[in-house]
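In mature numbering (1 follows the signal peptide of the UniProt record, and there is no 0), the protein residues as written are -23 to -1, 1 to 313.
Backbone N, C-alpha and C define an ideal beta-carbon position, used for all residues, glycine too.
Please read these numbers as outputs of a predicted model, since none were measured by experiment.
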């Protein structure tokens, strides 16, 4: 009897807790690039052998993360480690997260961030991510983002920035419940995507935040206060993008050689042709004609020296002829 009573008590206690546990939610599946992928199911997947391969990282259950300084804030408990799969998603395409359930009184924002995996998402530590915001919805025209989510069949769709450079990224889906004014509740979950056909841009450094850390010092409003009618979502703002430094082309080399320095006089350029021979005939030996004109500037000094040698030889020959004539005349005169 005692044993049966204990079992009955345990069953009753368990039944009383079920509605509270079931009141929360988690991602059921995600549609990426037009293809549907089942998300990690915390009630089934941990008990499979082998473990199922997912594009969504693990979540432990449907409960919240409470401590905003915890590493679990990045991608939930166990989500710091990679999942087995990465889904292709074209830049500019849409991704839809489908929740399994969400309680109507868990009012609050829906926010999405991305972080570059710097290579392979399956091995990337989510706590090292440099996160930038691509989607946010808070309180607008009297409606909370979570209320809109419920009205949209528990689904929310976000667009991957068309200008974002290609590569693997974490896409962080987050619901924040503000129904407990003493303790906001955070429900993060991360998908691994491979952005294809992207541009050459990356988020501006001012758009980057760390998670955990993004909500440090932020005061959430009392949504049940009679004075509450609006509030500004926590920073950062939606990411702005700029050309990636890695994709900026280096300056093209000059197609011309640099001009020579003007600080020193350049050497004269050699003549491309031999100097034309003189058309003036050389004077006959012993004449009074002036010597031939000096050669052009392109001629060498050696030519001048040769002309002077030729003139001296002609004079010497004339003198020798005169001496021979005088000697012959004297000899003939002596014989006669």
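Starting from residue i, trace the beta strand (DSSP E) both ways and give me its first and last residue.
i           : result
residue 76  : 71 to 76
residue 43  : From DSSP, residue 43 is part of no beta strand (DSSP E); its letter is neither H nor E.
residue 64  : 64 to 67
residue 170 : 162 to 173
residue 21  : That residue, residue 21, is in no beta strand (DSSP E); it is neither H nor E in DSSP.
Kindly indicate which three-state DSSP category residue i falls into: helix, strand or coil?
i           : result
residue 183 : helix
residue 283 : A caution first: residue 283 carries a pLDDT of 41, below 50, which makes its placement in the model too unreliable to give a value.
residue 12  : strand
residue 152 : strand
residue 57  : coil
residue 221 : coil
residue 136 : strand
residue 210 : coil
residue 202 : coil
For residue i versus residue j, is the C-beta spacing smaller than 7 Å?
i           : j           : result
residue 211 : residue 50  : no
residue 137 : residue 113 : no
residue 221 : residue 177 : yes
residue 141 : residue 92  : no
residue 172 : residue 68  : yes
residue 161 : residue 152 : no
residue 165 : residue 52  : yes
residue 74  : residue 7   : yes
residue 42  : residue 3   : no
residue 59  : residue 101 : yes
residue 32  : residue 64  : yes
residue 217 : residue 184 : yes
residue 16  : residue 5   : yes
residue 39  : residue 1   : yes
Could you pull the start and end residues of the alpha helix (DSSP H) that residue i belongs to?
i           : result
residue 123 : 122 to 128
residue 51  : 49 to 52
Which residue or residues does DSSP assign as beta-bridge partners of residue i?
i           : result
residue 146 : 93, 170
residue 7   : 14, 74
residue 398 : The structure shown does not extend to residue 398, since the chain is modelled only from -23 through 313, so no value can be given for it.
Fill in: Minimum length 3: unbroken beta strand (DSSP E) runs contained in the stretch 86 to 116
List check, beta strand (DSSP E) in window: 87 to 93, 108 to 114.
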